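Worksheet: the structure to be examined is printed underneath.
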Amino acid sequence: MNTKLVGATLIVAGTSIGAGMLALPIAVANIGFWPAMALMLLIWGLSGYTALLLTEANLATGRGLNFHRMMGQTLGRGGQLLCSASFLALLYALTAAYLTGGASLVTLKAKSLLALELGSVSATLIFACTLGLVAAFGVRYVDLLTRGLFSLKMVALVILVVLLLPLVEAHNLAPALPADGQGSLLMAALPLIFTSFGFHVCIPPLVDYLEGDIRALRRVFLMGSALPLLCYTLWLLAVFGPLGQAQLAGLGEGDSLANLVQAIATLTGSASIATLVTLFADLALVTSFIGVTLSLFEYLAELRRGHGGRVGTWLITFVPPLVLALALPEGFVAVLGFAAVPLAVLIVFLPVAAVLKLRRGGERPYRVAGGTPALVLASLLGALIVLAQLM
């Protein structure tokens, strides 16, 4: 495989693997390991299919066009507005979720290192003001930092999984679904799993980078999305196996992220594993927070076209999600789940609508297999995800 394919594959994987991975064990605790695996495979297939739909639309409208211009050419002004609103809602929701998760870890550190009891408001403000300044520096200054932190995060994950896998007990992987309400439990797990496979924002630049080579793009999407699937599988195995479904389900009460970190550290009784799980959680949140807030900051700066300066853009970037995070101090998992709604609009409904419009116009450079039945099925799955979150 050439270096361009490797780089593109890692971009897809890196865009997917974020702090949402920390919430996965909590989100799927009530359904168990094997049902969670089945749902992940379903969502993995959906994400791959919609990635190809976006590629089809991108090649038809102009290689490398961003979401906004692509939807404008196919769906008009209404499509552009819906695209922009969904993009902003997604980034604001993710920022708020990462603020609540970051505050949990700040609280843990203050208690363990300084014997200091921090309230959720103080912890959230510390996390927001410390890392929020990074976004104002711009891509050029943050790129090397995030690359280094992401690499360190993946090393910490590999070591952590290797240390936890010997503690896996097979009986802990057997699902214990209640006789009634199985469907609602499975539905409840869908939104966060879906959010964990959202790499689609990087597709337009990748189509341009790989010069519209469909075979190369297929390989990149397959391998790039398979890496997160593998990481999530190993992570769930390493958490479910030692802790068990019953204990994991109990961690969802209160500050779920802090509860999970403490449960793993307590169960193993190992100082090195406790340090590693804390380091991994820190790095996952920091890298995700920086990436999302940088994207949000740059997008808002482009919309404002310099009005109000960088300080004004910074305030618009951070104040709305900060208010949401302060209102929902224990909402890490819940807010990540809500992000599935604008994400479904952005990477399922809009691509399906765009492709339907384009296909009525005749032959195109590339057409995804499956025809109308596949488009209908993708739309139904997207509607199911949105319904699951709104229930």
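The numbering of the sequence shown is our numbering, which starts it at 1 and goes up by one. Yeah, the Cβ is synthetic: ideal placement off N, Cα and C, and Gly gets one too. In this text, all values refer to a predicted model and were calculated from it rather than measured experimentally.
Q) What three-state label does DSSP hand P342 in the structure shown? A) Residue numbering aside, residue 342 sits at position 342 when the sequence shown is read from its first letter. Reduced to three states, the DSSP call for P342 is helix.
Q. When the Cα of A189 is compared with those of T107, L267, A340, which residue comes out closest?
A. Within the sequence shown, numbered from 1, the residue matching residue 189 stands at position 189. Out of T107, L267, A340, A340 has the C-alpha closest to the C-alpha of A189.
Q) Nearest-angstrom Cα distance between A327 and A97? A) Here the question's residue 327 lines up with position 327 in the sequence shown. Here the question's residue 97 lines up with position 97 in the sequence shown. Cα to Cα, the separation comes out at about 11 Å.
**Q.** Nearest-angstrom Cα separation, counted from A344 out to I31
**A.** As a position in the sequence shown, residue 31 is number 31, starting the count at 1. As a position in the sequence shown, residue 344 is number 344, starting the count at 1. Spanning the two alpha carbons is a distance of roughly 23 Å.
Q. Under the rule that 16 or more other beta-carbon atoms within 10 Å means buried, what is G20, buried or exposed?
A. In the sequence shown, residue 20 corresponds to position 20, counting from 1. G20 is buried by the Cβ-count criterion.
Q) Which stretch, first to last residue, makes up the alpha helix (DSSP H) that contains E56? A) Walking along the sequence shown from the start, residue 56 turns up at place 56. Counting along the chain, the alpha helix (DSSP H) containing E56 begins and ends at 33-61.
Q. If we ignore side chains and look at the alpha-carbon of each, how far apart do L91 and E302 end up?
A. By 1-based counting over the sequence shown, the position of residue 91 is 91. By 1-based counting over the sequence shown, the position of residue 302 is 302. Using only the alpha carbons, I get a separation of about 15 Å.
Q: Pull up the CB-CB distance for A110 and L116, whole angstroms please, since I reckon it's below 8 Å.
A: Translated into the one-based positions of the sequence shown, residue 110 becomes position 110. Translated into the one-based positions of the sequence shown, residue 116 becomes position 116. Sure, about 4 Å apart at Cβ, within 8 Å.
Q. When the Cα atoms are used, what is the spatial distance from F194 to L381?
A. By one-based count along the sequence shown, residue 194 stands at place 194. By one-based count along the sequence shown, residue 381 stands at place 381. Using only the alpha carbons, I get a separation of about 10 Å.
Q. Do V376 and F199 come within 8 Å of each other at the CB atom, strictly closer than that value?
A. Here the question's residue 199 lines up with position 199 in the sequence shown. Here the question's residue 376 lines up with position 376 in the sequence shown. No, Cβ-Cβ distance for F199 and V376 is not below 8 Å.
Q: Would you kindly work out how many angstroms separate the C-alpha atoms of L217 and N2, rounded to a whole number?
A: Counting from 1 along the sequence shown, the entry for residue 217 is found at position 217. Counting from 1 along the sequence shown, the entry for residue 2 is found at position 2. Rounded to whole angstroms, L217 to N2 spans 13 Å at the Cα level.
Q: State the start and end residues of the unbroken alpha helix (DSSP H) segment that holds V277.
A: Numbered from 1 along the sequence shown, position 277 holds the residue referred to as residue 277. Residues 271-304.
Q. Taking one C-beta from the region 46-54 and one from the region 264-275 each time, how about it: are there three or more such pairs within less than 8 Å?
A. no
Q) If we count the other Cβ atoms within 10 Å of its Cβ and call it buried at 16 or more, is L108 buried or exposed? A) By one-based count along the sequence shown, residue 108 stands at place 108. Its Cβ being crowded by 16 or more others within 10 Å, L108 is buried.
Q: Apply the 10 Å Cβ neighbour rule to C231 and answer buried if 16 or more other Cβ atoms are within range, or exposed otherwise.
A: As a position in the sequence shown, residue 231 is number 231, starting the count at 1. Looking at its Cβ environment, which holds 16 or more other Cβ atoms inside 10 Å, C231 is buried.
Q. Where T313 and G64 are concerned, what is the direct C-alpha to C-alpha distance, given to the nearest angstrom?
A. Locating residue 313 in the sequence shown gives position 313, where the first residue counts as 1. Locating residue 64 in the sequence shown gives position 64, where the first residue counts as 1. When rounded, the distance between both Cα atoms is 26 Å.
Q: Counting only the same chain and skipping the five closest in sequence on each side, list residues whose C-beta sits under 7 Å from that of Q389.
A: As a working mapping, residue 389 is identified with position 389 in the sequence shown. Hits under 7 Å: P191, G337, F338, A340, V341.
Q | With 16 other Cβ atoms within 10 Å as the buried cut-off, status of T50 | A | In the sequence shown, residue 50 corresponds to position 50, counting from 1. By the neighbour-count rule (16 or more Cβ atoms within 10 Å), T50 is buried.
Q: Give the range of the alpha helix (DSSP H) segment to which V376 is assigned.
A: To locate residue 376, count along the sequence shown from 1; it is residue 376. Unbroken alpha helix (DSSP H) run through V376: 371-390.
(Q) Using the three-state DSSP reduction, which class does D213 fall into: helix, strand or coil? (A) For the purposes of this step, residue 213 is identified with residue 213 of the sequence shown, where counting begins at 1. Correct three-state label for D213: coil.
Q. Just to confirm, does R63 get its C-beta within under 7 Å of one of the non-hydrogen atoms of the ligand NAD?
A. Judged by which ligands are present, the structure shown has none, so any question about the ligand NAD falls away.
**Q.** Close-in-space but distant-in-sequence residues of the same chain around L324 (CB under 6 Å, 5 per side omitted)
**A.** For the purposes of this step, residue 324 is taken as residue 324 along the sequence shown, with counting starting at 1. Within the same chain, L324 has close Cβ partners A96.
Q: Compute the distance between the beta-carbons of A281 and L22, then report whether it is under 8 Å.
A: The sequence position of residue 281 within the sequence shown is 281, counting from 1. The sequence position of residue 22 within the sequence shown is 22, counting from 1. Cβ distance < 8 Å, so A281 and L22 count as in contact.
(Q) Given a cut-off of 8 Å on the beta-carbon distance, is the pair F221 and F33 in contact? (A) Your numbering for residue 221 matches position 221 in the sequence shown. Your numbering for residue 33 matches position 33 in the sequence shown. Not a contact, by the Cβ cut-off of 8 Å.
Q.
I need the DSSP call for R394, collapsed to helix, strand or coil.
A. With the chain covering 1 to 391 only, the question about residue 394 has no answer from this structure.
Q. DSSP on S225, reduced to helix/strand/coil?
A. Your numbering for residue 225 matches position 225 in the sequence shown. S225 falls in the helix class under three-state DSSP.
Q: For C83, count neighbouring C-beta atoms within 10 Å of its own C-beta (all shown protein chains included) and say buried if the count is 16 or more, exposed if not.
A: Residue numbering aside, residue 83 sits at position 83 when the sequence shown is read from its first letter. Buried: at least 16 other Cβ atoms inside 10 Å.
Q | Touching by the beta-carbon criterion (3+ pairs, under 8 Å), the region 151-170 and the region 349-359 | A | no
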